[in-house]
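Order-wise, the sequence lines are chains B and F.
Those letters in the first sequence? Residues 1 to 156, by the working numbering.
Those letters in the second sequence? Residues 1001 to 1104, by the working numbering.
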Amino acid sequence: MANVQPDLLRGLSDEEAAGFRALGVPTSLASGQTLFRLGAEADRAYLVVRGRIALTLPLQIRGGEEEVLVEETLPGETVGWSGFVPPHRFTLNATAAMTSELLAFSREAVLDHFTTHPGVGHTVTRNLATVIGHRLQVFQTMWLREMQRAVDHRYP
Amino acid sequence: MVMFATILIMSLLAVAVCAAAFSAATRGEAPQPDIQPERRLVLEPPRFFVSPAAKPAETLGVPVEMLLSQIERHVRLEQAAAEAYLDLPTRDSLHSRTESPLLH
């Protein structure tokens, strides 16, 4: 991740970024290992340092349930922001698509840090809003494209 | 008097004959109860977007693993198309076509 500016840390000074990163607990996952499951309580978010995290949702295929990829998270990107956003429940399954390293940021530690460093809190919160907003727009666009195809198919 | 009695008897006889004929004609046509044909409420199976009738036959033999692989490729291509749209939003780029195996 050395060459990648983490999406959560944009706009922070080197000192502020280092202070925030120090809150993260290094976490390693083997390929195929689960990071979190849909519906589980979310008390932390993760920053991908190396590797790739696959976000999946269950889909019924021919009577069986299969995990279907909906998004991949790459180095420098944040995964599991449900840890910072109520109701603090994960809404996807997250699995390491390859051997991966992450930093785990507990909500409690981050909020304490924001209390003592409100400028950092402002910047990180704004970055988080940007990440969430962008993903909302991406999925909104994907949904509309599927809807257009459904309309074309149903009412040719 | 005899003439009156003859007419009366003939009239009664005619009425009796008509009644018998009517009875014979209407026998077996007792009024039937008003039976409505059985009506069944036929509900279509729930569907989302696409009718099951439209399911292409060629997908039935595709192994689940290959189908999952195609779905993954579809998601990646759709996500890339959505990102491209958000970089430069236009009506054309919103509905740009991809090479997704699920669409061809």
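Note that CB positions come from ideal geometry on N, CA and C, so glycine has one too.
Residues of chain F with a Cβ closer than 9 Å to the Cβ of residue 10 of chain B do not exist, since the nearest Cβ in that chain sits about 18 Å away. In the displayed model, residue 1013 of chain F falls within a helix according to three-state DSSP.
Put simply, the backbone Cα of residue 4 of chain B is about 20 Å away from that of residue 1080 of chain F. Sixteen is the threshold: since fewer than 16 other Cβ atoms of the shown chains lie within 10 Å of the Cβ of residue 151 of chain B, the residue is exposed. With a contact defined as Cβ atoms closer than 8 Å, residue 24 of chain B and residue 105 of chain B qualify at about 5 Å. A straight line joining the alpha-carbon of residue 111 of chain B with that of residue 70 of chain B spans about 29 Å. Of the residues B:97, B:89, B:144, the one whose Cα lies closest to the Cα of residue 45 of chain B is B:89.
Across the set B:61, B:64, B:30, the C-alpha of B:30 shows the shortest separation from the C-alpha of residue 54 of chain B. At a cut-off of 9 Å between beta carbons, residue 1076 of chain F contacts chain B. Around the CB of residue 26 of chain B, fewer than 16 other CB atoms lie within 10 Å, so the residue is classed as exposed. Contacts with chain F at 9 Å (Cβ-Cβ) include residue 144 of chain B. Between the alpha carbons of residue 21 of chain B and residue 103 of chain B lies a distance of about 8 Å. Sequence-distant partners of residue 32 of chain B (beyond 5 residues in either direction) whose C-beta falls short of 7 Å from its own C-beta, in its chain, are 95, 96.
Contact annotation: residue 137 of chain B and residue 1086 of chain F have beta-carbon atoms nearer than 9 Å. Counting the other Cβ atoms within 10 Å of the Cβ of residue 1007 of chain F gives fewer than 16, which makes it exposed.
For residue 61 of chain B, the chain F residues whose C-beta falls within less than 8 Å of its own C-beta are 1064, 1067, 1068, listed in chain order. Straight-line measurement puts the Cα of residue 1071 of chain F at about 10 Å from the Cα of residue 1077 of chain F. With its beta carbon at least 9 Å from every one in chain F, residue 89 of chain B lies outside the interface. In the three-state reduction of the DSSP assignment, residue 1099 of chain F falls in the coil class, being assigned neither a helical nor a strand state. Using beta-carbon distances, residue 1072 of chain F counts as an interface residue toward chain B, with a partner under 9 Å.
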